[in-house]
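Residue numbers for the sequence shown follow full-length UniProt numbering, beginning at 1 and rising by one.
So the structure is just underneath, and the comments pick up after that.
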Amino acid sequence: MAKKVLAVDIDGTITLNGFGKIHLQALEKLRNLKNDGHHVIFVTGRSSIEAYFLSIFGGLTLLGVGENGGCITHGEIMTHKMIGDKNECQNAFSYLKKSLDEPIKEKPVFPRLTEVVLDRTFDIKNAQAILDEEGFNVGLFDSGYAYHINSRGVDKGSGLIKALEMLNADLEDTIALGDSETDVPMFRTVKNNIAVNNSIPELKEIAKIVTTKNSGEGLLEGLSMISDQFL
């Protein structure tokens, strides 16, 4: 059986029913799969550096797709492959600050290389319509944790494809796991996918498997469900 690539979201997927704290049993399971010869990579809205560091400490593949596909950090010597353009995202943010009546401000996060991260304090659909009308080549996305301004065409699906090229891996041998709106492009790209139970309805609708448990427990459940067929 061909070795697989597991593309795993972080917050809400490998955490303890929320953000920040890693579900250690889920991480151990992923490490065991890496030791069996599979690639395990994080594909996240967090920075690619955070994903890369978690891979180091977790004993996983030294590659992290961050900023919703905008940046990939990889290698024994940390190297960044930037796909998005932060300047156009910053320009869009500046325009929104002048155009919206609602409060809009950057969220204090680990520094980003290709995107702008905002507090969830405004109508995201209205903001996207304003940017589209003015011709900004960016998209606004809701990770459930924050709003993200990314270059148009940059998402977890396109970022994952770049990562697979770097790993010389096949899309058909990839399994995606996630929970939020930002995981939708990745699930549309990868046909073998698992949505944990706390996922948004749109993700559950397109998922091949939906678990009965949340977050890290759901990840363990999902991997157990597919182990005989895929792993």
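Glycine included, C-beta positions come from ideal geometry on N, C-alpha and C.
All values reported here derive from a predicted model rather than from experimental measurement.
- For Asp-142, the uninterrupted beta strand (DSSP E) run begins and ends at 138-142, by DSSP.
- Below 8 Å, too few C-beta pairs join the segment 26-33 and the segment 182-199 to call them touching: fewer than three.
- The DSSP-derived three-state label of Thr-13 is coil.
- In the same chain as Met-225, and ignoring 5 residues on each side of it, the C-beta atoms closer than 7 Å to its own belong to Ile-209, in chain order.
- Residue range 86-99 is occupied by the alpha helix (DSSP H) that includes Tyr-95, with no beta strand (DSSP E) assigned at that position.
- Linking Ser-48 to Gly-59 through their CA atoms gives a straight-line distance of about 16 Å.
- With respect to Ile-56, Leu-6 sits apart: the two C-beta atoms are not nearer than 9 Å.
- The C-beta distance from Asp-9 to Asp-183 rounds to 5 Å, short enough to fall under 8 Å.
- Secondary structure of Asn-192 (DSSP, three-state): coil.
- Under the criterion of beta carbons closer than 8 Å, Glu-115 and Ile-149 qualify as touching, at roughly 6 Å.
- Note that the segment 12-26 touches the segment 209-218; at least 3 beta-carbon pairs, one per stretch, sit closer than 8 Å.
- Between Ile-22 and Phe-122, the alpha-carbon positions lie close to 29 Å from each other.
- Counted as a single uninterrupted DSSP element, the stretch harbouring Ser-180 is not any beta strand (DSSP E), since DSSP gives it neither H nor E.
- Bridge pairing for Ile-206: absent [DSSP].
- Secondary structure note for Tyr-147: its beta strand (DSSP E) is the uninterrupted segment 147-151.
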